[in-house]
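Asks: Sharing a structure below in structure tokens format, with a few things to ask.
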């Protein structure tokens with residue numbers, strides 16, 4: 005069951021979730037984030053989730069206006 009979930013997560017752009025909760029994007033997902041929002045981050049640490057959310061919200065707002 006774990007293997008099925010891990011394989012399925014790759015279709016959602018998640019390469020892996022590390023034991024410490026760090027989410028690692030697939031290369032394709034990271035490229036989409038770079039190309040659409042200019043966001044350069046391939047790893048998302050749980051401890052940084054608030055900062056990441058603020059960064060992404062700011063980029064999305066700029067994109068809507070621009």
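In this note's numbering, the protein residues as written are 5 to 70.
For each residue, glycine too, the CB sits at the ideal point set by N, CA and C.
It should be emphasised that the depicted structure is a prediction, and the values quoted were computed from it without experimental measurement.
Determine the DSSP secondary structure at residue 44, reduced to helix, strand or coil.
Replies: coil
Asks: Based on DSSP bridge pairs, tell me the residues matched to residue 29.
Replies: 18
Asks: Look up residue 49 in the DSSP assignment and say whether it is helix, strand or coil.
Replies: coil
Asks: For residue 49, collect the residues of the same chain with a Cβ closer than 6 Å to its Cβ; drop the 5 residues on either side in sequence, then sort them by chain order.
Replies: 26
Asks: Closest by CA to residue 68, which one among 10, 22, 36, 41?
Replies: For residue 68, the nearest C-alpha among the options comes from 41.
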